Structure formats: structure tokens, C-alpha cells
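What follows is a short report on a single structure.
There are 4 protein chains.
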Amino acid sequence: MTFSRRIVSEALGTAMLLAVVVGSGIMAERLAGGNVAIALLANTIATGAGLVALILTFGTISGAHFNPVVTLSEAWQRNVAAREAVPYIVAQVAGAFAGVAAAHAMFGEPAFFASMHARGGAAQWWSEFIATFGLVGVIIGCSRSRPSITPFAVAAYITSAYWFTASTSFANPAVTLARAATDTFAGIRPADAPAFILAQLFGGTAATLLFTWLYPAPPANATVGGTVAPSAFTNQSASD
Amino acid sequence: MTFSRRIVSEALGTAMLLAVVVGSGIMAERLAGGNVAIALLANTIATGAGLVALILTFGTISGAHFNPVVTLSEAWQRNVAAREAVPYIVAQVAGAFAGVAAAHAMFGEPAFFASMHARGGAAQWWSEFIATFGLVGVIIGCSRSRPSITPFAVAAYITSAYWFTASTSFANPAVTLARAATDTFAGIRPADAPAFILAQLFGGTAATLLFTWLYPAPPANATVGGTVAPSAFTNQSASD
Amino acid sequence: MTFSRRIVSEALGTAMLLAVVVGSGIMAERLAGGNVAIALLANTIATGAGLVALILTFGTISGAHFNPVVTLSEAWQRNVAAREAVPYIVAQVAGAFAGVAAAHAMFGEPAFFASMHARGGAAQWWSEFIATFGLVGVIIGCSRSRPSITPFAVAAYITSAYWFTASTSFANPAVTLARAATDTFAGIRPADAPAFILAQLFGGTAATLLFTWLYPAPPANATVGGTVAPSAFTNQSASD
Amino acid sequence: MTFSRRIVSEALGTAMLLAVVVGSGIMAERLAGGNVAIALLANTIATGAGLVALILTFGTISGAHFNPVVTLSEAWQRNVAAREAVPYIVAQVAGAFAGVAAAHAMFGEPAFFASMHARGGAAQWWSEFIATFGLVGVIIGCSRSRPSITPFAVAAYITSAYWFTASTSFANPAVTLARAATDTFAGIRPADAPAFILAQLFGGTAATLLFTWLYPAPPANATVGGTVAPSAFTNQSASD
Chain A
1 MTFSRRIVSE ALGTAMLLAV VVGSGIMAER LAGGNVAIAL LANTIATGAG LVALILTFGT
61 ISGAHFNPVV TLSEAWQRNV AAREAVPYIV AQVAGAFAGV AAAHAMFGEP AFFASMHARG
121 GAAQWWSEFI ATFGLVGVII GCSRSRPSIT PFAVAAYITS AYWFTASTSF ANPAVTLARA
181 ATDTFAGIRP ADAPAFILAQ LFGGTAATLL FTWLYPAPPA NATVGGTVAP SAFTNQSASD
Chain B
241 MTFSRRIVSE ALGTAMLLAV VVGSGIMAER LAGGNVAIAL LANTIATGAG LVALILTFGT
301 ISGAHFNPVV TLSEAWQRNV AAREAVPYIV AQVAGAFAGV AAAHAMFGEP AFFASMHARG
361 GAAQWWSEFI ATFGLVGVII GCSRSRPSIT PFAVAAYITS AYWFTASTSF ANPAVTLARA
421 ATDTFAGIRP ADAPAFILAQ LFGGTAATLL FTWLYPAPPA NATVGGTVAP SAFTNQSASD
Chain C
481 MTFSRRIVSE ALGTAMLLAV VVGSGIMAER LAGGNVAIAL LANTIATGAG LVALILTFGT
541 ISGAHFNPVV TLSEAWQRNV AAREAVPYIV AQVAGAFAGV AAAHAMFGEP AFFASMHARG
601 GAAQWWSEFI ATFGLVGVII GCSRSRPSIT PFAVAAYITS AYWFTASTSF ANPAVTLARA
661 ATDTFAGIRP ADAPAFILAQ LFGGTAATLL FTWLYPAPPA NATVGGTVAP SAFTNQSASD
Chain D
721 MTFSRRIVSE ALGTAMLLAV VVGSGIMAER LAGGNVAIAL LANTIATGAG LVALILTFGT
781 ISGAHFNPVV TLSEAWQRNV AAREAVPYIV AQVAGAFAGV AAAHAMFGEP AFFASMHARG
841 GAAQWWSEFI ATFGLVGVII GCSRSRPSIT PFAVAAYITS AYWFTASTSF ANPAVTLARA
901 ATDTFAGIRP ADAPAFILAQ LFGGTAATLL FTWLYPAPPA NATVGGTVAP SAFTNQSASD
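Here the protein sequences line up with chains A, B, C and D, keeping their order.
For the first sequence, this note's numbering assigns the number 1 to the initial residue and increments by one for each residue that follows.
For the second sequence, this note's numbering assigns the number 241 to the initial residue and increments by one for each residue that follows.
For the third sequence, this note's numbering assigns the number 481 to the initial residue and increments by one for each residue that follows.
For the fourth sequence, this note's numbering assigns the number 721 to the initial residue and increments by one for each residue that follows.
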């Protein structure tokens, strides 16, 4: 896969992910009539299902990271070249904001408007540490043992983490930044974003240290969406 | 697979899809007691689960398009012969109306009655553009990289799109026409159908252009339900 | 697999299926506080998830029919020997009643008590025809094209059919008889059972005729749970 | 896989499982506003999705038992060495308590506080017998026939068992002990735990006896998460 295709894949995939997260949050809140449990349940199902579709669609192009913490962890493991980490992250952040704007246009909201949803304090930061630790752990564990199943494991993990963490599991700096630009169900106050991102970076670091020890022998080039190496392309379709 | 089998497959599969969409919408609205979020949640789960079963069942016969936009995109990519596109689409539309009538008979409603559910305006059209763009993108991306997983990716995408688009994601001209003939939960006012269909055609066109660039090397004859070529039939069962 | 193992598999699997259907119906009704949509949603998720687990568990032993209509259709296609159809069906019916009693014991109800839930009329019978037609169609279509995926397709279909049919999709004579012995959420009045069973037999017949025409070339011995032939046993685990 | 990696895998995996079960129970109860059906539905979806992610992540290291009954059953079948059963179980119990504390920290609760949720009586014990019987049966049946699919079957079974058993299916002594230390949605009164554990042991014993008869020929070293043997590691990724 050429570099330009991979960058477009990360940007477009992250845009669609944010459209899913923010759009389904708006729809859920509008229909649920104040019942937050039902709204979060709908938001969860839409996110989990959308995520598996997007990782399956973009995984063989760019690895379907959609997440700077995942890109940094993969670069650390040398599954992506270090020089590609920055353009990956730029594409993810730009895509994330585009996805928020696309969702807002679908629901008749302004392109961007800052969230007033306060999310802070030690319990929330601990939640984001755990959420990201688990996400990176699932990615490393699955991509080093049965990579073709990783898209399902990642989507299932996020489905679960929306409920078992107190923060509803952002677990992604690009997502966190973009969700600061929406004052809807999925939003986070811009002032609260930096601490979330810091907790996510710590969680990703801890998981990368622990899970690369747990799984010492990586197959070449395995990552979130299955495989990125062109040579693995045919194998992927054969072994799915 | 003979041509007659493929046409019956498209007609019957699309009929069952509409029975699922319309039937579960009626059931959900009757049981939910006015809570639209719960009704849409039930409608979503029934549609996503039904869709994966139907694509798995009919995919190896006809590709399980069930959707004129998908057929046009596949014809553009030369995965189906251009001369077969029209009979495919006729079968899909006829099947869609038959499915609506079958659902109405299950719930004691008249065979057809025009919807009075207004769905219009730029936000709705943009939603249909996005919904169809994503659907065709998922189909091209998966069928060109890991075709045996495409049925799951398509069903997961639609599950998500019911919630993240403001229009609940029709994303299908045959479905749109047939849903104009039911004044129940899933209906759309006949006058609103043409603009929806136009937006769907634009979305499908944009996705076909972009995703055939992203995935330049298609395997022979891959499509929605896995593969259509008779020679791929045995490979399919071996690699599932 | 020996004959005795296969008969135990059908009896035990059907018993567990009925424990799932009836038990989750009782739990759902007790917790849902009169909201039938939420009760049916819980009952649906429990049934779909339970069904995939049970078919995966028992499929390679006996085919995991759990359903006289499926056994008759498989015997018609010569996937099971005609002389084995009667013991299969006896095991299914006996297992189904045992499963209802097991569920009742879990919830402090008497072993059996006749349902007073009226389910009759042309719309309901048409629903059962459609429900069983679709079920047998999914089984034939998947088991003749990608048998290792059949357990997922069957469970997904039933998940959908709980909502898109007006009868909540019994689609199984053994299940219908046993559900006449429970006056809980999942029950059916004994007097209404024969017409349901008749509609199911018609639906299964129509599907067997149509789908064996659609899929003319069956692989040897494929059936609901993947494969039953001992020689296919190793292939199954290799190709999953 | 080295012994230390396997022990860390069991401890960490069980910790994350308890964080999922207890954390999502707290979140669900807080948001559901007294509607227990909706709370249990959210708790169910989070648990089922989390379980599949965790088994896929840790399965190829330690087998992903997370459950003393499963470890004892595997040791009985000689899939794990008898001398490893005790450290496995110690790791599971220690991990389970750590997971409860981690969840409590995410939601601002004390590390441990005894549950006051009474769960007793013959119907509850029978429920735990059935729940564990089914769990061990699903594990043996799938791991002896199509091991790569076992993680999905186990998660689907637990999703179902949360609803079809009157006890919401603990089915795990380590989970039962740790859930006695949380006075939240998922809790169980410490005095009620021993009878639950006894019922679980009986259920696991019955299932091991019956299902090893049903499936007489085990492949080497198959277990919950696919396979544990290092030599099977590569095969696993190839056959997924």
C-alpha cells in the first residue's frame, strides 16, 4: 500500500468513526427522552458495530489505528516506521474533526461548538488509564496471536468499555480532541481534554510494556486491522 | 450459478430484507409504548441480525446485493456484467414490494398503503449521501481484502448507520421505494423518495471512485456475499 | 459419532435451548415492569446468543437440529438417514419438555402448567410459515455454501425473526409443544399449537423445495452445526 | 509460553473480567433509574463483549480460564498439568479481587465493601448448577471440535445465561468470592457464596463427565482460548 493511500485511510476511517460516535450520541439523546441508560446503550451498539465495520474496511490498507496512542505503540514495536507516526497522527486528528462536522451537518447542528460536559477528577483519569491500557493490550495480544480476529476483539472491547469505565472510555487522543468540539451527548469540555489525553498516554505505555513481555514473538507487521504488509494481503483473504 | 437462480436469489433476498425491516418496525412500534429509542433499538437489532443471515444465505448465489446502488457499483467495477444490472435491479424492486406485502400480511395490515412520514431537507439528504457512501465503501474495502468477512461488515455497518445518520440510513433505492408503500414505523412519504434516491446515487458514486482508488487490485469476482464465481464456490467454504 | 451420542446431543441441546427460551422469558417479564418491548429485547438477545453457543457445542456431534422440521428437511436431502429421523424427533421433543421443567425449577415454578396465551388466526399462521421458511432456507443456503458459518447465520436469523414475525417466530414443532406447557412469557395455548405446527411444516416444505433448487450441489453431509460426518470432523476444526 | 507468563495472564485476565462485570453493573444501575431490566441488559452486553475480547487476548497464553472450575476440569482432562492447577486458581482469585478494587476506584467507591445482596435457596443453587454445567459443556464441546471459535461460544453462552438462570449465572468460584466484596449491582452476600461455589463445582463435574463422553477424541492441548501449546501458536493464527 502506498503512503498516500495509508494516510487517506487513517483520515477517512477516523472521520467515519467520529461521525458514528457523535452522530449516534445525538440520535440516542434525542430519542431516549431523558433515559441516559437507553441513550448510552444505543450509542454503544452503534459504536461497536461501526467500529468493526471500519476496521475491517480500512485495516488492510493502513492498519486501521484511528488512534494516536495505537500508532505510537505500533511505532514503538516497529510495526510502523517511526517517520510515519507523525503523519498518521496528523491525519487522525484532522479526520476526527472532519467527522464531527459531518455528524453535526446530518443533525442540523453548527460545524463545531465547544462542549460544556465536565469530565474530570481522579476517578475519571483512572478510568481513561484503564480504558486505554485494555485497548492497547487487546490489540497487542490479538495481533500477535490471531490477527485476523483483531477487528472483532477491538470492537467488542470498546463496546464493553463504554459501560465498565466511569468515563465511557474515550481511550483515544484524536477522539478526545474532536469530542471537545461538540456540545452533545458525546462531548467533553476542552479544559478537561489534556488530562484525559495524559491518562491515555500512560495507559498505552503501560500496556505496551506489559503485553510485549507477555507476547514476545510478534509475526511481521501485524496490527489492528489484521496486517499492513502488502505481502500479507493475499494471506489475509485466504485465512479469514 | 445460472442466471435464473441469481435473479430469484436477488428477488427473494430483497423480499426477506424488507419483511425484516418493515415487520420488525411494526412489532417494535406496537410494543414500545411510544418510546422511540427502544423501538429503533429493536428495529436495529432485527435488521442487523437479519441482514447477516440473508447475505450469508444468498451471497454465494448472486452476491446478495439487494440494492440497486450496489449492483451499479459492482457493474462499474465489472464484477457483474453490465447487461445483468437491469434484471438485477428489477428483481430487487419487485422483491422489495413483495416483502413489504408479506410483512403487512403478518401484522394484519393492508398489502400496501402510502406512508405519511415526512423525511426531507438538506440534513436528511446529506445523511443518505453519507449512509450510502459508507455502505459502498465497506463493501468495496472488505470484498477486495477479506471477502468472506464482508457479510458481517455490511450488517455491522447498517446496524451502526441506523443510529449515526439522521435519516436512519435507507441507503438503498429499492428499499426506499418499497418503504414508501407502508405507513408504519419504517415508512417514507412517496414525495420524499426521489431526493433520497438521488442522494444515495451520489453517495454510491463517490464511494466507488474513492475506494477503487484506495484498493487498486481486486481479486476476481469478489462481491457482497463473498464471491459469485462458481469456481470460487469451493474456496469460499474452505476458507470461511 | 455413534448413534447414542447423537441422540443424547439432540435431546440435551434441545433441552438447553428451551431452558434458554423459557428461562430468559420469565426473567425478562419479571424485571421489565410491564414494558413488553424491553422484555422481548432481553428474551431475543438471550435466545440468539444461547442458540449460537449451543449449535457450536453440539453441531459436530448430531448436526444440532433441535427441530423436527430441520430433521425432516435434512432427511429429505439425505443428509441424515431416514431411519434416524424418528429417534431424532423423539429426542428433541423429550428434551424440549425437560428443558421447560429445568427452567421452571430455576424460577420456582411448577414443572409444567398449561399456557393460557392465545396465539391464533391467519396472520399468526402466515408468520409461522414465513418464520420456518426462512429458517430452513438459511440452513440449506449456508450449509451448502459455507457450513462453518451456519451456526452464526441461524442464530442471527432467529434473533431477527423474534421481531419481524407477528408470532415471535416459534418455527419449531418441538419448541411449540413444550412452550404449550409453560404459562409464562414464552407460552402458547395448547389448543393453538397444532395450527402453528402445521404452518411450520408447510414453511419447511416450501423452503426445502425452493432452496435445494437454488443450491443444486450439496457438499457431503453438511448440516446446521457445520458437519456431522466423522470424516469432516478434522476439516471442521481446521477451517473454522 | 513460560509459566510466569501464563500465571500473569490468568491474574490479569481475571482482573479485567471482574472490572468489566462490576464496573458495568455500577454504571448500569446508576444510569437506569430503577429499571432493573435495562440495567441487566447493559450489564449483559458489557460482560459478553468484554469476555470475548479478553479470551481472544489471553487465550493463546494461558488458555484464558479465568475460572477455577474450568481449570479443574482442564486438569482432569490433562489439558493442563495437575501441579499447575493450584497456582492458576490462586492467580484467578487474586486477580478477581484486584479487578473489583480497580472498578471501585473508577467509580469512586471504597476498595472493598461486603455485599448485602441475598442470593440463596434451592432455585438459585439449581441455577448455578445449570449455569456452570452449560459453561463447561460449551468449553469442552467447542474446544474438542472447533477450538478457534471457543471464545465466541463462551461469551455468547454467558450473555445468554445472565438471563436464563435465576441467579444471573455467576458460574465461577473466583468471580463469586470477589463479587462478595462489592455492595453494588453485581454483589452477593458473603454468607451466600459457599453454597453457590458448591453448586458450581457439582455443575462442572457433571459437565466434564458427560461432555468427555460425548466428545471422546480431544485434540492435544485445546482449551478455552483456542490453544495453549506453543506449537499450536502458529497454527492458531493460520486457521482463525
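The beta-carbon is built from N, C-alpha and C at its ideal position, and this holds for glycine as well.
Predicted model only: the values in this text are computed from it and were never measured.
Using only CA atoms, which one of Leu737(D), Val756(D), Thr722(D), Ser729(D) lies nearest to Trp883(D)?
Each of Leu737(D), Val756(D), Thr722(D), Ser729(D) was checked against the Cα of Trp883(D), and the nearest Cα belongs to Val756(D).
Requested in this report: State buried or exposed for Thr294(B), treating a residue as buried only when at least 16 other CB atoms are found within 10 Å of its CB.
Outcome: Residue 294(B) is actually Leu in this sequence, not Thr. Under this definition Leu294(B) is a buried residue.
(Q) Suppose you measure from the CA of Ala334(B) to the CA of Gly528(C); what does that come to, to the nearest Å? (A) Take the alpha-carbon of Ala334(B) and the one of Gly528(C): they are about 30 angstroms apart.
message: Please state the DSSP three-state secondary structure of Met116(A).
response: Look at Met116(A) here: in three-state DSSP terms it is coil, with no helix or strand label.
- The alpha helix (DSSP H) spanning Glu269(B) covers which residue range? Run containing Glu269(B): 243-271, per the alpha helix (DSSP H) assignment.
Which residue spans inside the stretch 373-424 of chain B form an unbroken alpha helix (DSSP H) run of at least 4? The stretch 373-424 of chain B contains these whole alpha helix (DSSP H) runs: 390-404, 413-419.
Tell me which residues share the same chain as Asn283(B) and place their Cβ nearer than 8 angstroms to its Cβ, disregarding the 5 neighbours each side in the sequence. Take Asn283(B), set aside five residues on each side of it, and the residues of its chain with a beta-carbon closer than 8 angstroms to its own are Val261, Ser264, Gly265, Ala268, Tyr402, Phe425, Ala426, in chain order.
task = Label Val378(B) either buried or exposed according to how many other C-beta atoms from any shown protein chain fall within 10 Å of its C-beta, with 16 as the threshold for buried.
result = When all chains shown are included, Val378(B) counts as buried.
Requested in this report: Go ahead and pull the three-state DSSP assignment for Ala238(A).
Outcome: Any reading at Ala238(A) must be qualified, since the residue scores a pLDDT of 30, below 50, and its modelled position is unreliable; the value itself is stated next. Reduced to three states, the DSSP call for Ala238(A) is helix.
Are the CB atoms of Val154(A) and Gly204(A) nearer to each other than 8 angstroms? Taking 8 angstroms as the cut-off, the Cβ atoms of Val154(A) and Gly204(A) do not count as close.
- Query: With 8 angstroms set as the bound, which would you pick, yes or no: does the beta-carbon of Gly683(C) sit closer than that to a beta-carbon of chain D?
  - Reply: No - not a single Cβ of chain D is within 8 angstroms of the one on Gly683(C).
- Would you tell me roughly how many angstroms separate the C-alpha atoms of Trp365(B) and Ala876(D), rounded to the nearest one? Computed Cα separation, rounded: 38 angstroms.
**Prompt:** If we call anything under 8 angstroms between Cβ atoms a contact, is Ala112(A) one with Ala174(A)?
**Reply:** Note that residue 112(A) is Phe in the sequence shown here, rather than Ala. Going by C-beta atoms, Phe112(A) is not nearer than 8 angstroms to Ala174(A).
- Query: Tell me which same chain residues have a C-beta within less than 6 angstroms of the C-beta of Ala178(A), skipping the five on either side of it?
  - Reply: Contacts found: Leu18, Ala96, Phe97, Val100.
Inset, instruction - Consider the Cβ of Thr254(B): report whether some Cβ of chain C lies at a distance smaller than 8 angstroms. - result: Chain C contact via Cβ: absent.
Exercise for review: Tell me where the alpha helix (DSSP H) around Arg83(A) begins and ends.
Suggested key: Taken as a continuous stretch (DSSP letters only), the alpha helix (DSSP H) holding Arg83(A) covers 82-106.
Can you pull the chain A neighbours of Arg725(D), defined as C-beta to C-beta under 8 angstroms?
Residues of chain A whose Cβ lies closer than 8 angstroms to the Cβ of Arg725(D) are, in chain order, Trp213, Leu214.
Determine the direct distance from the alpha carbon of Gly274(B) to that of Gly34(A), and round the result to whole angstroms. C-alpha of Gly34(A) to C-alpha of Gly274(B): approximately 14 angstroms in a straight line.
Taking Gly59(A) as the reference, which of Pro190(A), Val86(A), Ser169(A), Phe152(A) has the closest Cα? Among Pro190(A), Val86(A), Ser169(A), Phe152(A), the Cα nearest to that of Gly59(A) belongs to Phe152(A).
message: Taking the alpha-carbon of Gly120(A) as reference, which of Thr168(A), Phe107(A), Ala39(A) has the nearest alpha-carbon?
response: By alpha-carbon distance to Gly120(A), the top candidate from Thr168(A), Phe107(A), Ala39(A) is Thr168(A).
Which residues, taken in chain order from the stretch 331-363 of chain B, show a beta carbon closer than 8 angstroms to some beta carbon of chain C?
If the cut-off is 8 angstroms between Cβ atoms, the stretch 331-363 of chain B has Ala342, Ala343, Ala345, Met346, Phe347, Gly348 near chain C.
Between which residues of its own chain and Ile428(B) is the CB-CB distance below 8 angstroms, once the five residues before and five after are set aside?
Within the same chain, Ile428(B) has close Cβ partners Ser355, His357, Arg359, Phe410, Thr416, Arg419, Ala420, Phe436.
For Leu552(C), I'd like the list of residues in its chain whose CB is within less than 7 angstroms of its CB, leaving aside the five on either flank, ordered along the chain. Listed in chain order, the non-local C-beta contacts of Leu552(C) below 7 angstroms within the same chain comprise Ala565, Gly684, local neighbours out to five positions each way being set aside.
Which residue's Cα is closest to the Cα of Ala842(D): Leu918(D), Ile758(D), Ser865(D)?
-> Checking every option, the nearest Cα to that of Ala842(D) belongs to Leu918(D).
Discussion item. Quick check: Phe306(B) and Gly381(B), are their CB atoms within less than 8 angstroms of each other?
Written reply: At the C-beta level, Phe306(B) and Gly381(B) stay beyond 8 angstroms of one another.
Subject >> Nearest candidate by alpha-carbon position, reference Arg146(A), set Leu776(D), Arg725(D), Val800(D) >> reply: With distances taken between Cα atoms, Arg146(A) lies closest to Leu776(D).
ask   = Since Val516(C) meets chain D, which of its residues come closer than 8 angstroms, beta carbon to beta carbon?
value = Within chain D, no residue comes near Val516(C); the closest Cβ sits about 11 angstroms away, beyond 8 angstroms.
**Message:** Just to make sure I have the definition right: I need the residues of chain D whose C-beta is within less than 7 angstroms of the C-beta of Ser127(A). Which are they?
**Reply:** Think of a sphere of 7 angstroms around the beta carbon of Ser127(A): the chain D residues whose beta carbon falls inside it are Met826, in chain order.
>> Among Gln680(C), Pro590(C), Thr482(C), whose alpha-carbon lies nearest the alpha-carbon of Asp663(C)?
In response: Ranking the options by Cα distance to Asp663(C), first place goes to Pro590(C).
| Any idea what DSSP makes of Ala913(D), helix, strand or coil? | Three-state result, Ala913(D): helix.
Taking Cβ positions, are Leu587(C) and Phe682(C) nearer each other than 8 angstroms? The residue asked about is misnamed: residue 587(C) is Phe in this sequence, not Leu. Taking 8 angstroms as the cut-off, the Cβ atoms of Phe587(C) and Phe682(C) do not count as close.
Within its chain, find whatever has a CB closer than 7 angstroms to the CB of Tyr215(A); leave out the 5 residues flanking it on each side and keep chain order. Annotation for Tyr215(A): Ile140, Gly141, Arg144, Ser145 place their beta carbon closer than 7 angstroms to its own, counting only its chain and skipping 5 residues before and after.
Could you check what DSSP says for Ile188(A) in three-state terms: helix, strand or coil? In this structure, DSSP gives Ile188(A) a state outside helix and strand, which the three-state scheme calls coil.
Contact criterion: CB-CB distance below 8 angstroms. Does Ala709(C) meet it with respect to chain B? Bear in mind that a pLDDT of 35 at Ala709(C), under 50, signals an unreliable position, so the number given afterwards is only what the model happens to contain. Chain B, which has no Cβ nearer than 8 angstroms to the Cβ of Ala709(C), makes this no.
Worksheet item: In chain order, what residues of the same chain have a beta carbon less than 8 angstroms from the beta carbon of Ser825(D), not counting five sequence neighbours either side?
Response: The sequence shown places Ala at residue 825(D), not Ser. So the list reads Ala831, once near-sequence residues are dropped.
| query | Quick one: is Gly543(C) near chain B, going by C-beta distance under 8 angstroms? | reply | Taking Cβ atoms only, chain B never reaches closer than 8 angstroms to Gly543(C), which makes this a no.
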